[in-house]
Each structure stands twice: as C-alpha cells, then as structure tokens.
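Protein chains in written order, with our numbering: chain A, 121 to 579; chain B, 121 to 579. Report on the following structure.
There are 2 protein chains.
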Amino acid sequence: MQISEFQSIVGSNGILVGEDVSSRSERIWTDETVQASAIVRPRDTQELSEVLRLCHERDQPIVVHGGLTGLVDGAQTKRSDIVVSTELMNEIESIDPIARTMTVQAGVKLQQIQELAESNRLLFPLDLGARGSCSIGGNIATNAGGNRVIRYGMTRDMVLGLEVVLADGTIVSSMNDMIKNNAGYDLKHMFIGTEGSLGVITRAVLRLRELPLTDEAVFMSVDEFSMLPKILKHMDQKLGGTLTSFEVMWNDYYSHVCGNGEAHQPPLPTTHPYYVLIEAWGGDSRNDHARMEAAVESVYEAKLISDAAIAQNSVQRNAFWAIRDNVEKCMTIKPTFVFDVSLRIGDMEDYVVEVNRRLTEQFGTYRIFTFGHLGDGNLHFAINTGTDPAHQHPVERCVYEPLRAINGSISAEHGIGLEKKEYLDISRNEIEVGLMRTLKKSLDPKGILNPGKIFEFNG
Amino acid sequence: MQISEFQSIVGSNGILVGEDVSSRSERIWTDETVQASAIVRPRDTQELSEVLRLCHERDQPIVVHGGLTGLVDGAQTKRSDIVVSTELMNEIESIDPIARTMTVQAGVKLQQIQELAESNRLLFPLDLGARGSCSIGGNIATNAGGNRVIRYGMTRDMVLGLEVVLADGTIVSSMNDMIKNNAGYDLKHMFIGTEGSLGVITRAVLRLRELPLTDEAVFMSVDEFSMLPKILKHMDQKLGGTLTSFEVMWNDYYSHVCGNGEAHQPPLPTTHPYYVLIEAWGGDSRNDHARMEAAVESVYEAKLISDAAIAQNSVQRNAFWAIRDNVEKCMTIKPTFVFDVSLRIGDMEDYVVEVNRRLTEQFGTYRIFTFGHLGDGNLHFAINTGTDPAHQHPVERCVYEPLRAINGSISAEHGIGLEKKEYLDISRNEIEVGLMRTLKKSLDPKGILNPGKIFEFNG
C-alpha cells in the first residue's frame, strides 16, 4: 500500500520514512535498526483507529512501538511492516487522589507516571530499570514485572481499565476505574500481556496506592539453598504485609559485582553461596526500623542466615540496590545471553545445577551470573560462552530444556516475542497454544497485528 | 436427547432425575427448585469432558452447578437444560507449603480450603458468608469478592492456574503454579468471572499467603461522608500494608442492627451518620496493637472521626464483625431486595441520596439498609418497599439507573447472571458487549454453556 494514504489521517508530520525510520534502533541493547517501511504516529485514539481500519482493509501488517525496551524482539519489524508508534499519544489525562487512580495515554513513560503519583503522595508500584524510556502501553502489553511483584503484583494487577483498538479499527473503550466490577467479562485481560497481538492499547486507568512512609532494607548471606524458601516465609510472616522485595543473588553474581577492585563496597564478605536483599515498606515511622531488626534477629536465631547488614539510611539502602541492579556489569563481554525464567522455588537449586551441568558439557568454560526475584520464583541468568553469537541457540537450549520436566516457564516477565517463540512448547501445551490461536483468529482474523510473534498464525 | 446416554459415561449413580432433581433448591434464599431434566455428576475431568462432548454433538444446553450460593440467578435452569454438577469432584489434590500453593478440584468447598491452609500455617484469603457451602469452582467462575479485597484482591488474584473443559469437550489444562508466567496469553482470565459461559472449570491451582500473626480491629463513628475517603487514605497509609478490611455502615444499617433491644451491643452510640469497621493483619505480636492505637489516635487528632472503639481481644473483634455480617437482620421482611453496586467513592454520597430520592418518589415509604466494602468502592443495599414482589423491577431501576451517568457498575462482586442481564447496558457499552459475544462465539459457537446468562447469544 502507499504510505501517502496515511497522510490524510495523521498529517505529514505523523509519518516518518527513509532515514527517520532506518536510523532508529529496534530495541535497547542492540545495533539492529527498524526495518519497517514507515512509522505512522497517530495523535489520538481516533486517528489510530483510522490507521488500523485502513491497514485491515489492505491486509497491511503492523507492529506497535512504545519505548522499545522489550528484550524478546517483540517489536521487531520486517520491510513489509508498518510501525504504529504511540509516541505522540503521551499525555497523562488526569489523576484522582481520592479514588487513587490515574488516566494515561499509551505513550506516557513509566517514570512520568511514578513521579506524578509521588507528587500526589501516592505510588504507582510498577518499577523496572527501563522506567525512563519504557511506555505504559508497552508495560501493559507485556504485563511487565519488576522488583515489587511480591507485594503489588504484575502490571496486570495495576490496571483497572483499558481502551483498545482492534485489528479492524473498532475502538473498545473499557475504561473501568473501580477495584471491583463483575458486570460481564473483564475484557482488559484479553489485551494485557498478549504483546500487541490482539489489539492496540491506547489509554488506561491505573490503580495507585498510598505512598509508603518508611523504607527498610537488609542484606543477608545464606549458606544453603534450602534456607532461602524458609527465609522468605519467615520474613514474609514477620514483616506482615510490608514485604516489598525478596531478591537473591548467587555467589557468581555477587562476587563478580562486588569483588576486589569493583565499584561496590560489599556489605558482607564475598565468600557465601547466596545473598538475599529484602525490602519492606511500611507506615509506622516510629517502629518499622525496630520491626525489621527484630525480624532479622529472629531469622538469625533460627539459624537460617549466616550474617546480615541492615541499612541505617537511604544511602546504604541505595548501595544495596546498586549491587542488585548492576546487571550490566555481567554483560561487558559480548555477546552475553540474558534469561528470565520462572519455576517453583523447591525445584530451583537442582535446576541451576542442571543448567550449569549442561553448559559445562557443551562449552567447557563459560561465565554465568545468577540472580532474581526469588520471592516470585523468577530467576535471571546472564551467560557468556565466548564471543561467538552462534552460541545463542545452544545456550538457550541449556537453560530452557530442563524447564520442561518441572513445568517451569521460559518467560517469567519478558514475554515471548520472536526470541522465545521456538521454545513456547516447553511451557505451554498444544491445546493451550490452540486456544491462543482461536482467540487470535476471532480478534485478528487476517493476522495483521504484530505478525509472527508469540506463535505462528496464518489467518 | 436421552438421559440414559450419559449413563455409559458417569454410571447410573452419576445421574439424578425426577424428585432427586426437583427437590433441590435452585439457590440459597429462594423457594424455587431446579427445573432441569437431569443432574449429571462426573467424577473427574475426563468424564466431564465426555459429557460436554456429547452435549455439544446434540446441541444440549447445560448449566454448571457448584454450591448454588450465587445471588443473581446465574445457575437457574429450564426444563430443557441439563445440570452438570461438580459435587463429586471434591478433592483437595495437594498442598505445597513451600511454594504456597494448593491444587483443588472445582467442587471443593471454600471452607475446606481455608481450613487446610490454616492447618499448614497458611492463608487462603478469600472469605464470604457462604464459605461452608460455596464451591471454589463457583467462586472462580464468578470472581467472588468478599471482605478482604482491599488487601488480597478478588478470587482472580488468588488463582495461578486452571483446568477448564470447553463446550466441545476439549480439556484445556493450564495448571500454572507460578506467580509470574508471561509465556503467551494468560488463558485463565477467559474463564475467571465469565460465569460458566465460556468453559467449565474443573481444577485450579490456588495461591496461598502466610498466615497473619496479629489481628487488630477498630470501630469508628464518622459525622460526614467526606471524611470517609480521608479516613481510608489515612489508615491505609499508617497501617502500611496490613490493612485487610475497610467496611462502612450507614446509620440506617447500624441503628437497625444494634438498636434498642437488638442482640448486638453497640460499640458506639447509634446517633452518628456513618460507622467504619477496620481490620489489619500483621506479623508483629509485640507492636501491632500499639500501632493500631497510634493510627486511630492520629485519625482522631486529624478530626476525621468522632469516636472509636479498639477491639482488645478476639471476642470484641468478633462482636464488631457480627454487626457488619448481620445482613439477614435487614432481610426479615419479604421480599427484601439486595444490591451490590460499585462506584467511585467520590460519587457515593450523592448517589445514595439520589437512590433514596427515587425510592421516596416512587414508593413514599420504604426501608433501606446501606453498607459495604467501601475501601473497594463496593456498596450494598437491602431495600424493602412492602410485601409486593412486583416491586423488584421498579426498585432495581431506582438503584441502577443513577449509575449510568457516573459510570458505576451494577455488579461489584455478584456477577450478572439472569437477574442483572437487562441492566448490563448501564455498565457496559455496546462494543464491550459485542466483544463478549465475539469471545462467546469463538469458544461456544452453539451457545450450550449456561445459555441466556449475562447477555443474549443466539449462536
């Protein structure tokens, strides 16, 4: 189809072609650039609807672009695709501090939402490293996770209402702003986490929480894996509703990030097999620090941890988090392959051993850095086997194949996109994928929305 | 079709006909009995699948029966229907105290789940009055709410994985047991809260929480509605993650339930316009009571409440809850019409005035009892306008019509069923209902599952 056909909808400023397209990076952490023939930038839902209606008529495949911070090639394009970008739909429409909701357009950056909430003494709990560049539309389309899932859930749990444009241009406005609404099907769940394959998210009503008044963090060293789920249970119970994060680093990660000569001062010696970073947010400025101290004391007396450092102020707390967040320190050798898997905590110790066994068998020497949101059963690896990018697939097989027997997930929070598509059968059976296709067929029969992502679909 | 055809699937013990059917009550709080021609009782998912396959072949409509505690006629049957009951699929299959999950069959009673969790020092947070008779399959199919939604969410938020049988007998086993799993579409949301219209829930993986160590409750009197959202915010912040319930009773409810000569001792004088019951569950036995006292003191100092009684022990706490739970005291005159609506807290004061204005205009004298889960924006009414059952529709219109202008919901937690079907357009636009029909058509093209419920569908 002719790109000029979009001009009557979005105006000439709304269309990018040529170098304006090909100079754009396809996603973070890559040198690949956008391949699509054009980027169309609607200014509002109505324009976006008209763009989709036209694409639908012409069987024109489209890929929606938000902040491009996804890690599974979910926004990758081909020459035959058109990009629909939400970058001009970037207004926060309203905030209601009494109802504790915010209404936003899809292109708004996560950090803007966090900041506006905070300036109203409220919290939008979603947080991830890409906060400054990711868009809320992308967060919703991929059901983003992050560091606070154990307390506040995934993005899905923070969305009350959605406005979505279907493949044929139909605008579904389901902008519920209530916590409870059982009036018929809760349609938003069709679009949250389905990676732009069933509709294009244009606006959302977000649920906000009260801003915590206290913030306590502790760093612990642990000598046996079997202690970790016990520590989680112990601290979760003692901290009674305030536990916000439960992060674990294996020694391979911790000693690499805070070893000799590294920027980070290790809060505890680098000789232990496991390290836990716990954070709790509360409302009792007088007693919450003492409560954390008592909880740590009791977990120590129960002989579940070998040592602990409790942050005495925000500088120390930030230093703890800087260690956990310095994943890029594990990615200095190229290519480093990064993983995001999910499994029962009871299977985790054996699973990590098995991944390492397979890597050893296949590559002999390699580097692996192991860490994750253990409170959610979510494990990350950064793996380097040398400089050969062709190692990607064999490494992926070492990580993903052992998940099959233990019903683990190849994607805890990153999604499937293109990168994990060939492994989807490890985590989903044929009937589940069949049902996904049934839904795709009913909402996007021509398969124009984010074609080829998650699973094969031929209309 | 011949009932005997089911015999080869479920055995003769698996089929009820005649008086065994017609003597069953259709739901709680009614004299109506089951009209269906037979009740088929599969013993497992395989049998249920074969029953559905047969029904699908013969265009035989079916209605699934769980504990029959729904309040919107969602389980009502006609003579031409067959009931598929989950009553023989009533086993708790396993509990994993480390992963904090439980795997159950659809027919298990909620209370059994609560008790097994508790005996493992864990909590299944869903709780409602019908706990002893409602089935978890029904709780999931209707996305049940209850008293602890503000802390733990609706049933949807407590389900990790589901097994479902589709209309044609296909078994979709999506028994995820992880908190995070973004490997493709999260299919369970298609079946949670869709009232048995898209598939039959047969098994589920439930998420459990740590059992709280402390339980604090306070009863407050409030002199102006505008204070209520401020009290909610204040207490939610001060109680930092431990707030479990925020219930409000209007004077019409409170003074009726604890007025002169009533069974309940009023914790506070019956002269105030509003009463709040707050509960908080924590993990710090030493300090949680003091924290509640400090929070109450500060909300009093902020002049948001006029008086407060803090429970000093479980006897007092139970007495507070007995007042809130004595809804049946408001239902002694027949018929009493009970409502479950949802709206922004900021709209609530005017809305309640408007409902009363319409009732006065229409009926002159009437009794109304007003209460609800205000922390979730969920309001209940029990309304009596005399003894004429024909008043039901006019009363419904007084309650539902004012919701249209303020985008409220005609169903916060009860669902739509048959009872609210004619009002669905108040809370859902045509395009939303159209999308519901699209999904129905793709999963149950013949319309054999719970026909006629929620919206009209003619296959």
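Glycine included, C-beta positions come from ideal geometry on N, C-alpha and C. Since the structure is predicted, the reported quantities are computational estimates derived from the model, not experimental observations.
query, result
"Where B/Pro-386 falls, given that 16 or more other Cβ within 10 Å makes a residue buried", "buried"
"Cβ pair B/Val-447, B/Ile-351 closer than 7 Å", "no"
"Collapsed DSSP secondary structure at B/Phe-483 in the structure displayed", "helix"
"Residue-chain proximity (B/Gly-361, chain A), Cβ-Cβ < 7 Å", "yes"
"Contacts of A/Met-556 in chain B (Cβ-Cβ under 9 Å)", "Gly-304, Tyr-305 and Leu-307"
"Sequence-distant residues of the same chain with beta carbon closer than 7 Å to B/Met-298, five excluded per side", "Leu-280"
"7 Å Cβ cutoff, B/Asn-240 in contact with chain A", "no"
"Coarse secondary structure for B/Arg-524, derived from DSSP in three states", "helix"
"B/Val-338 versus B/Leu-494 - alpha carbon distance", "15 Å"
"Stretch pair the region 463–480 of chain A + the region 340–350 of chain A: three plus CB contacts closer than 8 Å", "yes"
"A/Ser-214 - partner residues in DSSP beta bridges", "A/Thr-223"
"Listed by chain order, chain A residues near B/Ala-219 by CB distance under 7 Å", "Arg-464, Ile-465 and Gly-466"
"Integer Cβ distance of B/Ile-233 from B/Ile-212, believed to fall under 8 Å", "7 Å"
"Host beta strand (DSSP E) of B/Val-325 (start-end)", "320–327"
"Identity of the residues DSSP links to A/Ile-368 by a beta bridge", "Position check: residue 368 of chain A holds Val in this sequence, whereas Ile was assumed. Beta-bridge pairing links A/Val-368 to A/Val-396 and A/Gly-492."
"Status (buried if at least 16 other CB within 10 Å, exposed otherwise) for A/Pro-565", "exposed"
"Delimiting residues of the beta strand (DSSP E) encompassing B/Glu-283", "279–285"
"Spatial distance of A/Pro-522 from A/Leu-559 (CA atoms)", "29 Å"
"Min CB distance B/Asp-470 to chain A below 7 Å", "no"
"Contacts around A/Ile-129, its chain only, beta-carbon distance under 6 Å, and the 5 residues preceding and following it disregarded", "Glu-167, Glu-170 and Val-171"
"7 Å Cβ cutoff, A/Val-515 in contact with chain B", "no"
"Beta-bridge partners of B/Asn-498, as assigned by DSSP", "B/Ser-462 and B/His-493"
"Closer than 7 Å to chain A by CB, B/Pro-162", "no"
"Classification of A/Pro-509 by the beta-carbon crowding that lies within 10 angstroms, buried from 16 upward", "exposed"
"Cutoff 7 Å; reference B/His-409; Cβ partners in own chain excluding five residues on either side", "Glu-336"
"Heavy atom of the ligand MN within 6 Å of A/Leu-168 beta-carbon", "What this structure holds is no ligand at all, so the ligand MN is not there to describe."
"Beta carbon proximity, A/Lys-198 to chain B, threshold 7 Å", "no"
"Contact the region 141–156 of chain A vs the region 189–200 of chain A: 3+ CB pairs below 8 Å", "yes"
"The alpha helix (DSSP H) enclosing A/His-185, as first and last residue numbers", "Element bounds for A/His-185: not the alpha helix (DSSP H) but the beta strand (DSSP E), 182–185."
"CB of B/Leu-243 within 7 Å of CB of B/Arg-327, strictly", "no"
"Interface residues of the region 353–382 of chain B facing chain A [CB-CB below 7 Å]", "Lys-353, Asp-356, Gln-357, Lys-358, Leu-359, Gly-360, Gly-361 and Thr-362"
"B/Phe-457 (DSSP reduced to helix, strand or coil)", "strand"
"Which listed residue (B/Ala-226, B/Gln-225, B/Val-224 and B/Ile-215) has its alpha carbon closest to that of B/Glu-238", "B/Ile-215"
"Distance between A/Ile-312 and A/Lys-454 (C-alpha atoms, nearest Å)", "33 Å"
"Opposing strand residues paired with B/Asn-133 [DSSP bridges]", "In the DSSP output, where bridge partners are listed per residue, B/Asn-133 has none listed."
"Beta-carbon proximity of A/Arg-548 to B/Gly-304, cut-off 7 Å", "yes"
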